[in-house]
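Student: Residue numbers (this note's numbering): 851 to 1472.
By construction, the Cβ of each residue, glycine as well, lies at the ideal position given by its N, Cα and C atoms.
No experiment lies behind these values; they were computed from the predicted model shown.
Take this structure first; my questions come after.
Structure below.
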């Protein structure tokens, strides 16, 4: 928890902290499932025959940028390519045909560099600019469920509207096509920039300017790489109610809803006698350029109510600044009211004992430029009462051990649903683009603890133009933060944590939840713990700085020991609860059995002397 003094000091430095969190799921990934299927949509209209400021035509620059992306993309990335404007001219007589002129150059599938490269080299720019139609075709080519993205490159406005492409995107969203569109404006004017920004913002994506060929060659690999590893909400559809009495029952598992600005949504959870309930909500805020730091705050609040709507005086609040950088924010609560004796309704206390409890989520503070509604990911878990909690003593923190053996390459996931598995102790390597949050998962059994450090390798360039905030955070299955560290990175090798051998968890024991040391209470469930790494964008020319090679040195220490015994008379936990189709890009199943807890981590970033990021957490038992 941040002290008021610390909060004031950090805010005085002008900055921000972001937290990204995601669902509790058991992972059974297919090859390449850590990537979101992505369609690149390329402008090949007549205007692309124009001269690029750096020399050659705009189409030449686009071809070079696509080749740069192909060279940088991971082998397993599911990528397709579409182009518009190649089959007709742009005369008035050809308008009707030209406004349908969208070609699928390469369908979405495992990356085929030769095929896509040859296809883009053969494109001849000629016709109209049917951006809206191109987005429809690209969406049809993508899977109809699970995380998926479109990267649109255009040098102008849609010349076939109406309907405006922004309306096309909103219509797709209204039909349940859950995708993110990232737009790149290639040498565009103000009108085109506004249109492309609208398209991106309407889907929670990003807009990036590329004024010339060299900028486009830097931008396209970075934007497409981010699309492949973009945070995506997932879960079974649910619609929260405006009042306690109307709240839908949210079964244990993962759910997906939407929430409006300053709106309150209610969800009921049935909690058996002696059980503990966990409820969390995550909203991912889109990147919005040009937001003033004083208008860049979002907050989520969570309140708990009893069976008849009584206020149980459990209040959680999370606030993130720098939301316009694409932050995701989670608010979570652990409800133990059902573990306390029921005093009876005559006392007026409906916040003890078994019963339905309602969790009220509010998007309270709203930053400038965000959409009116955003997806919200909900995680519900119910843990039965323990008849034998196991050993009481808190074990000492694990000691970090220098890993042995060669490094193992991994590809971190862009969301918690597809976080990359780290198979126990060892060294793991990855490359992180500037501005990415990347997630990894580590399984801990009862009695085991985690120690790790992150090495950021050397990259070209120094000074402010290469300076990024970097951080790492480890989270418990309850989605509460265990520890984090941060620094600034300017291309020289850095290690996180900077002043300790490693970030550590306590070895997992059930009774850690009642330990005198408050810092270990969150480490009371065996299952999946998450490591998040964030490399922030630079403040000056964010697309010029090189991606950062990282190395994770991981120690999983301790011998597995028996866990707690749970009440056999309690309702069995819902193992393998189904996850909605939206979550199936990486096949998953929600597991709430006590021995198989899986949850998610978060990423936070603070830059010393440049930008300091702050998430304000507040809990009040009124």
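Less than 8 Å separating the beta-carbons of residue 980 and residue 962?
Tutor: Taking the chain shown and counting its residues from 1, the one referred to as residue 980 is at position 130. Taking the chain shown and counting its residues from 1, the one referred to as residue 962 is at position 112. For residue 980 and residue 962, no; Cβs fall outside 8 Å.
Student: Helix, strand or coil: how does DSSP classify residue 992 here?
Tutor: In the chain shown, residue 992 corresponds to position 142, counting from 1. The answer is coil: DSSP assigns residue 992 none of H, G, I, E or B.
Student: Quick one: does residue 1339 have its CB under 8 Å from some CB of chain D?
Tutor: This model lacks chain D altogether, as it is built from one protein chain only.
Student: Would you say residue 1291 touches the ligand FMN, meaning its beta carbon is less than 7 Å from a heavy atom?
Tutor: Because no ligand of any kind appears in the structure shown, any question about the ligand FMN cannot be addressed here.
Student: Return the chain-ordered list of same chain residues with a C-beta closer than 8 Å to the C-beta of residue 965, the five sequence neighbours on each side being excluded.
Tutor: If you number the chain shown from 1, residue 965 lands on position 115. Excluding sequence neighbours, residue 965 sits near 956.
Student: Quick check: what's the CA-CA separation for residue 1031 versus residue 920?
Tutor: For the purposes of this step, residue 1031 is identified with residue 181 of the chain shown, where counting begins at 1. For the purposes of this step, residue 920 is identified with residue 70 of the chain shown, where counting begins at 1. C-alpha separation (whole angstroms): 19 Å.
Student: Cutting at 7 Å between CB atoms, please list the residues of its own chain near residue 1357, excluding the five before and the five after it.
Tutor: As a first step, residue 1357 must be located in the chain shown, where it is residue number 507. Cβ within range, chain order: 1245, 1248, 1297, 1298, 1299 and 1408.
Student: Do you know offhand how far residue 1127's Cα is from residue 1326's?
Tutor: Here residue 1127 corresponds to residue number 277 of the chain shown, with the count starting at 1. Here residue 1326 corresponds to residue number 476 of the chain shown, with the count starting at 1. The alpha-carbon atoms of residue 1127 and residue 1326 are separated by roughly 15 Å.
Student: Our contact map puts residue 1179 next to residue 1133 with C-beta atoms below 8 Å; I'd like the distance itself, whole angstroms only.
Tutor: Position 329 of the chain shown holds residue 1179. Position 283 of the chain shown holds residue 1133. Right, the Cβ-Cβ distance comes to about 6 Å (below 8 Å), so this counts as a contact.
Student: Taking C-beta to C-beta, are residue 1200 and residue 1166 nearer than 8 Å?
Tutor: If you number the chain shown from 1, residue 1200 lands on position 350. If you number the chain shown from 1, residue 1166 lands on position 316. Against a cut-off of 8 Å, the Cβ pair of residue 1166 and residue 1200 comes out as no contact.
Student: Enumerate, from N- to C-terminal direction, the unbroken alpha helix (DSSP H) stretches of 4 or more residues contained entirely within the segment 992 to 1066.
Tutor: With a minimum length of 4 residues, the continuous alpha helix (DSSP H) runs that stay inside the segment 992 to 1066 are 1015 to 1024 and 1040 to 1052.
Student: Compute the distance between the beta-carbons of residue 888 and residue 954, then report whether it is under 8 Å.
Tutor: Mapped onto the chain shown, residue 888 falls at position 38. Mapped onto the chain shown, residue 954 falls at position 104. In this structure, residue 954 does not lie closer than 8 Å to residue 888 by Cβ.
Student: Once the 5 residues before and after residue 1324 are set aside, which same chain residues still bring their CB inside 6 Å of it?
Tutor: Residue mapping note: residue 1324 aligns to position 474 of the chain shown, counting from 1. Around residue 1324: 1332, 1333, 1353 and 1381.
Student: Our contact map puts residue 1258 next to residue 1276 with C-beta atoms below 8 Å; I'd like the distance itself, whole angstroms only.
Tutor: Residue mapping note: residue 1258 aligns to position 408 of the chain shown, counting from 1. Residue mapping note: residue 1276 aligns to position 426 of the chain shown, counting from 1. About 6 Å; that satisfies the 8 Å criterion.
Student: Run the CB neighbour count on residue 1255, radius 10 Å, all protein chains shown included, and call it buried at 16 or more, exposed below.
Tutor: Along the chain shown, one-based indexing puts residue 1255 at 405. Exposed: under 16 other Cβ atoms inside 10 Å.
Student: Mind the definition here: the segment 1112 to 1119 touches the segment 1206 to 1217 only if three or more C-beta pairs lie below 8 Å; say whether that holds.
Tutor: Yes: at least three Cβ pairs fall under 8 Å.
Student: Run through the DSSP bridge pairs and tell me what residue 794 is partnered with.
Tutor: Lying outside 851 to 1472, the shown extent of the chain, residue 794 is not represented and no answer is given.
Student: At 3 residues or longer, what runs of the beta strand (DSSP E) sit wholly inside the segment 1126 to 1202?
Tutor: Runs of the beta strand (DSSP E) inside the segment 1126 to 1202: 1126 to 1134, 1147 to 1155, 1161 to 1171 and 1178 to 1185.
Student: Looking at C-alpha atoms only, which residue of 1395, 908 and 1233 is the closest neighbour of residue 1036?
Tutor: Locating residue 1036 in the chain shown gives position 186, counting from the first residue. Here the closest residue by C-alpha is 908.
Student: Would DSSP call residue 1316 helix, strand or coil?
Tutor: In the chain shown, residue 1316 corresponds to position 466, counting from 1. Three-state DSSP puts residue 1316 in a helix.
Student: Starting from residue 1120 and walking both ways along the alpha helix (DSSP H), at which residues does that stretch end?
Tutor: To locate residue 1120, count along the chain shown from 1; it is residue 270. First-last for residue 1120: 1114 to 1121, but that is the beta strand (DSSP E), not the alpha helix (DSSP H).
Student: Name, in chain order, the residues that DSSP records as bridge partners for residue 889.
Tutor: Here residue 889 is taken as the residue at index 39 of the chain shown, counted from 1. Bridge partners of residue 889: 930 and 1000.
Student: Give me the residue from 1152, 1238, 1161 and 932 with the minimum Cα distance to residue 1168.
Tutor: The count along the chain shown starts at 1 and reaches residue 1168 at position 318. Of the listed residues, the one whose Cα sits closest to residue 1168 is 1152.
Student: Using only CA atoms, which one of 1348, 1330 and 1329 lies nearest to residue 1337?
Tutor: What you label residue 1337 is simply residue 487 of the chain shown in a count that begins at 1. Nearest option by C-alpha distance: 1348.
Student: Taking buried to mean at least 16 other C-beta atoms within 10 Å of its own C-beta, is residue 1414 buried or exposed?
Tutor: As a working mapping, residue 1414 is identified with position 564 in the chain shown. By the neighbour-count rule (16 or more Cβ atoms within 10 Å), residue 1414 is buried.
Student: Give the straight-line distance between the Cα atoms of residue 1064 and residue 1185, rounded to the nearest whole angstrom.
Tutor: One-based indexing of the chain shown puts residue 1064 at position 214. One-based indexing of the chain shown puts residue 1185 at position 335. Whole-angstrom Cα-Cα distance: 54 Å.
Student: Where does residue 1403 fall in DSSP's three states?
Tutor: For the purposes of this step, residue 1403 is taken as the residue at position 553 of the chain shown. Three-state DSSP puts residue 1403 in a strand.
Student: Tell me, to the nearest whole angstrom, how far the beta carbon of residue 1236 is from that of residue 1379; I am working on the premise that it is less than 8 Å.
Tutor: Position 386 of the chain shown, counted from the first residue, corresponds to residue 1236. Position 529 of the chain shown, counted from the first residue, corresponds to residue 1379. Rounded, the Cβ-Cβ distance is 20 Å, inconsistent with contact.
Student: Ends of the beta strand (DSSP E) at residue 1306?
Tutor: If you number the chain shown from 1, residue 1306 lands on position 456. 1299 to 1306 is the extent of the beta strand (DSSP E) around residue 1306.
Student: Which residue or residues does DSSP assign as beta-bridge partners of residue 940?
Tutor: Taking the first residue of the chain shown as 1, we reach residue 940 at position 90. Per DSSP, none; premise fails for residue 940.
Student: Take residue 1059 and list the residues in its own chain whose beta-carbon comes closer than 6 Å to its own, dropping the five residues that flank it on each side.
Tutor: Locating residue 1059 in the chain shown gives position 209, counting from the first residue. For residue 1059, where only same-chain residues beyond five positions count, the Cβ hits under 6 Å are 1035.
Student: According to DSSP, is residue 1266 part of a helix, a strand, or is it coil?
Tutor: Looking up residue 1266 in the chain shown gives position 416. It is helical.
Student: Cβ atoms of residue 1019 and residue 1056: under 8 Å apart, would you say?
Tutor: Within the chain shown, residue 1056 is the residue found at index 206, counting from 1. Within the chain shown, residue 1019 is the residue found at index 169, counting from 1. For residue 1056 and residue 1019, no; Cβs fall outside 8 Å.
Student: Can you name, in chain order, every residue of its own chain whose Cβ lies under 7 Å from the Cβ of residue 1215, other than the five neighbours on each side?
Tutor: Looking up residue 1215 in the chain shown gives position 365. Cβ neighbours of residue 1215 beyond the five flanking positions: 1147, 1148, 1149 and 1169.
Student: Use the C-beta contact count for residue 1310: other C-beta atoms within 10 angstroms, 16 or more gives buried, fewer gives exposed.
Tutor: For this step, residue 1310 is matched to residue 460 along the chain shown. It counts as exposed.
Student: Once the 5 residues before and after residue 1043 are set aside, which same chain residues still bring their CB inside 6 Å of it?
Tutor: For the purposes of this step, residue 1043 is identified with residue 193 of the chain shown, where counting begins at 1. Within the same chain, residue 1043 has close Cβ partners 1035.
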